[in-house]
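Residue numbering for the sequence shown follows the UniProt record's numbering, starting at 7 and increasing by one per position. Backbone N, C-alpha and C fix where the C-beta goes; we use that ideal spot for every residue, glycine too. Below you'll find the structure, written out as structure tokens, and then a few comments.
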Amino acid sequence: ARVYRGAFAHSTWDSALCVFPDYLLGVSEEGKIVFFEEGQNVESLSQEWSFEISDIEQLEPHEFFMPGMVDTHIHASQYAYSGTHLDLPLLDWLNTYTFPVESRYEDLDFAKDVYTKVVKRTLCNGTTTACYFATIHTEASLLLGQIADDFGQRAFIGKVCMDRNSMVPDYKELTEECKDETDRFIHELLKKKYALVKPVVTPRFAISCSSTLLSNLGKIAKNNDLHIQSHISENKAEVQFVKELFPDCTSYTEVYVKHGLLTDKTVMAHGCYLTDEELKIFHERGAAVSHCPNSNISLISGMLNVRNVLNHKVKLGLGTDVAGGYSSSMLDAIRRAVDTSKALCMQDAHLQPLSYKEAFRLATLGGSEVLSLDDRTGNFEVGKDFDALRVNICVPGSPIDLFPGDEPEVILEKFLNLGDDRNIVEVYVAGKQVVPFPDF
Ligand code: GUN
Ligand code: FE
């Protein structure tokens, strides 16, 4: 076993933040956590697991390990223009900026460039698991899977499905073609037998998909026992348009329910305008919400009441939603989630704001639960895969200053609010070091 000693921080369902100032963690050859115990047990552990005390990797006092972060909603293809084009509301933004760029991914050289950059960038930012939207193109979507595998990121990859309401003529598919290509994408990706990369059924959203297409995708997800991802109730104009497109459905949620797309493996982005009745349906079905606060503010879409979602016991994670969200960093998602919650508290004095500890849990254990990975990742429980970030506050150029008496909990809080990728000195996925990048 490889053994680390020092400070660790993680979440459990009982406690949003547990800090262990001096702990020992062992990782097996297979990348699993084999022990996680107090530092003072070092003698007995070294005998039980037969390691030399001199071989222990000792962290510095200004270092700690935390679980890798889970980006439950990111458009890899939109990384090409992230940080720009934030001046239109959702539906105009899609037709004006998004669809023209996404239509370029038939070009595999372009795809390779952008997809390599987004995988590298998110890994450096501490995203050990990402749930990606690609584009409608099967080949480029398969390439994204290959690149995630090459760099060792845990990833769900969605070939986007859409057969209507695109104002870019090239950028949509025929209904049958979309189903066939989704089947082909899933089978080609599964055939690669990547250990950590899986396909996810991806209807763009109800506006972009005919009822026939939605039903087909529901069946594909069911027959292959796959995850499903889409968007829901992000913006008021979108909710209104869905009402007009599906007059028989009493709510946006019911559209997805009726087509077999709201299961315990579903991740729906946004949900700003979901009613309490809809949240109850999410809870009953075990479907999850991905909260993307940067995007919601950048596109002036809405403000999700996370407290209400948590009170309904709906599975909840955070997403960057690049490029509606301009930052690919989950640290940004943590900060914006807290900001949004506090902004809502200004309007409603009875509302309990989201604490930084709760946001930390959403970004790690919460995201793992959203993707049904919580028996494998999300914290440092024995038996789980070692998906972790080694954080160092005292690197050259660090944006964080420490002062005498700053305890590990303070150091973590400062990192979450002030830190960046310079402080993330090593990243591990399933025990394998993926940052700094190995030489290929
Ligand atoms: N709804 C449908 N497609 C998209 C997208 O690409 N980004 C966002 N933010 N919302 C969407
Ligand atoms: Fe999105």
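Going by alpha carbons, who is nearest to residue i out of the options?
i	options	result
residue 179	14, 167, 190	167
residue 28	37, 38, 62	62
residue 19	424, 321, 347	321
residue 232	191, 90, 259	191
residue 80	261, 342, 381, 297	297
residue 311	288, 42, 347	347
residue 329	82, 445, 430, 341	82
residue 111	145, 78, 406, 7	145
residue 292	280, 274, 270, 152	270
residue 403	33, 99, 384, 426	426
residue 75	163, 377, 294	377
residue 33	130, 391, 444	391
residue 197	235, 114, 174, 148	148
residue 116	128, 99, 55, 143	143
residue 366	12, 14, 22, 9	22
residue 65	13, 26, 41, 98	13
residue 90	331, 344, 415	331
residue 17	443, 383, 444	383
residue 125	154, 370, 442	154
residue 9	56, 200, 15	56
residue 150	200, 177, 381, 323	200
residue 385	11, 7, 31	31
residue 261	350, 276, 237	237
residue 279	239, 353, 173, 248	239
residue 379	288, 399, 352, 294	294
residue 235	336, 171, 163	163
Measure the beta-carbon distance from residue i to residue j and round it to whole angstroms, keeping in mind my assumption that it falls under 8 Å.
i	j	result
residue 387	residue 39	7 Å
residue 181	residue 169	5 Å
residue 339	residue 302	Wrong, their Cβ atoms sit about 11 Å apart, outside the cutoff.
residue 313	residue 251	Going by Cβ atoms, the distance from residue 313 to residue 251 rounds to 31 Å, so no, they are not a contact pair.
residue 36	residue 437	7 Å
residue 218	residue 165	Wrong, their Cβ atoms sit about 18 Å apart, outside the cutoff.
residue 131	residue 334	6 Å
residue 129	residue 433	6 Å
residue 401	residue 423	Not confirmed; about 17 Å, so no contact.
residue 123	residue 85	6 Å
residue 323	residue 373	4 Å
residue 78	residue 273	6 Å
Would you check whether ligand 4 has a heavy atom nearer than 7 Å to the C-beta of residue i?
i	result
residue 104	Although ligand 4 was asked about, the structure shown includes only ligand 1 and ligand 2 as ligands.
Is the region 127-136 in contact with the region 146-161, if contact means three or more CB pairs nearer than 8 Å? yes
Quick one, what's near ligand 2 if you take every residue whose CB is closer than 7 Å to any heavy atom, in chain order? 79, 81, 139, 237, 275, 298, 301, 327, 330
Can at least three beta-carbon pairs, one atom from the region 62-75 and one from the region 102-109, be found at a separation below 8 Å? no
Examine the Cβ distances between the region 393-409 and the region 301-315 and report whether three or more of them are shorter than 8 Å. no
Should the region 219-232 be regarded as contacting the region 277-296, the criterion being three or more beta carbon pairs within less than 8 Å? no
Is the number of C-beta pairs between the region 236-246 and the region 195-213 that are closer than 8 Å three or more? yes
Go through the region 186-251 residue by residue and report every complete run of the alpha helix (DSSP H) that reaches 4 residues or more, in order. 217-230, 242-251
Taking contact to mean 3 or more Cβ pairs, one atom from each stretch, closer than 8 Å, check whether the region 36-55 and the region 90-104 are in contact. no
Extract the residue ranges of the beta strand (DSSP E) inside the region 375-437, only unbroken runs of 3 or more that lie entirely within it. 394-398, 430-435
Ranges of the alpha helix (DSSP H) found wholly within the region 93-132, counting only runs of at least 4: 96-99, 105-108, 114-130
Report yes or no: do the region 357-373 and the region 418-426 share at least 3 C-beta pairs separated by less than 8 Å? yes
What ranges does the alpha helix (DSSP H) occupy inside the region 30-66, keeping only unbroken runs of at least 4 residues that lie completely in it? 48-54
Completely contained beta strand (DSSP E) runs for the region 262-340, where each covers 3 or more residues: 272-276, 294-297, 321-324
Taking 8 Å as the threshold, find out whether the region 396-414 comes into contact with the region 253-266 through three or more Cβ pairs. no
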